[in-house]
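Residue numbers (our numbering): 85 to 404.
Idealized CB from N, CA, C, for every residue including glycine.
Since the structure comes first, as structure tokens, the remarks are kept for the end.
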Ligand code: UT7
């Protein structure tokens, strides 16, 4: 392994349809006040009928490729992190590859729920640094609106649809410094969508179930530990992190972790108010927003973190 893998472009896409908290008041017994106070979420985007995860991924990927000044021909690895693929198979990564017109290299999906993008970026980093691939498209794309129980107010208000993508290329300049991935399958029961397809029919419940309180506590604990692990591995202090881009599930989780770590609120990127929880898409969406708003600049040190079902969590510390 030599050199680095470096992000050379970012992109994102949100479906046109916006569902506000007020809109949800006519679907379940909830209120804008409750949702904002408990989560920080004000609205979410929802995919149109006939729009699939690979379509969202395609729009985000095109923007990331344009930002990196690359064409689909340059891409030799496509990884899509998703828990809501277009179909059982082929992978959304292969469908995306086909829509982009890429005919070479490798393509596969990666399933680590809300930690998916961080897992995918860590995976792509190893592929690129090994020299086997030179230009990876790493995407987080989700349509969680289709796996929600729209009668369950404790979950349906929390999620949204969207996609984010980065182009990751071999470079002599510092890029990804380290990644730290974890999983603990003992906690599979606190966040899951237990249904599956068998004999042509869905068996079990195909909608998302969550013990919100248990997830909240575990998320805060592992995110803090994981951030400290990433910083220690690189001999860095929290003051060296220019932007903290954590999974966007609940602004209270981000604030709790930031407080424990001593990161200034001004360094925390927050998009959960606009996007809600877009699972594997949340981190690359937040990264792209931060880049395009000028909050993240070349040379900045970024701490990306994911956490979610599995239970899975992890971080990627990088120089942008
Ligand atoms: O991406 C994967 C990671 N997922 C997460 O990180 C989510 C983590 N968990 C959370 O963000 C929070 O636990 C929630 C936002 C899900 C819930 O917040 P909470 O402060 O833990 O509320 P709670 O579940 O303790 O519910 C408090 C009350 C309950 O009523 P009672 O029993 O006190 O009368 C709920 O029935 O709020 C009620 N409630 C609602 N009320 C209005 C639950 N959902 C709603 C709702 N609108 N949508």
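The beta carbons of residue 203 and residue 398 sit about 6 Å from each other, so the pair counts as a contact at 8 Å.
The Cβ atoms of residue 198 and residue 339 do not sit closer than 8 Å to each other. Bounds of the beta strand (DSSP E) holding residue 253 are 245 to 255. At a Cβ-Cβ threshold of 8 Å, residue 385 and residue 341 do not count as neighbours.
For residue 381, there is no enclosing alpha helix (DSSP H), since its DSSP letter is neither H nor E. Residues of the same chain with a CB within less than 6 Å of the CB of residue 346, apart from the 5 flanking positions on each side, are 322 in chain order. For residue 136, no beta strand (DSSP E) run applies, since DSSP gives it neither H nor E.
By the Cβ-count criterion, residue 153 is exposed, with fewer than 16 other Cβ atoms from all chains shown falling within 10 Å of its own Cβ. Here the C-alpha atom of residue 159 lies approximately 8 Å from the C-alpha atom of residue 188. By the neighbour-count definition (other C-beta atoms within 10 Å, threshold 16), residue 349 is an exposed residue. Shown here, residue 328 sits in a strand according to DSSP, grouped into three states. Contact between residue 191 and residue 223 does not hold, since the beta-carbon distance rounds to 10 Å and is not under 8 Å. Residue pairing from DSSP leaves residue 228 without any beta-bridge partner. Runs of the alpha helix (DSSP H) lying entirely within the stretch 109 to 194 and spanning at least 4 residues, in chain order: 116 to 123, 137 to 152, 176 to 184.
Of the other Cβ atoms in all chains shown, 16 or more fall within 10 Å of the Cβ of residue 123; this residue is therefore buried.
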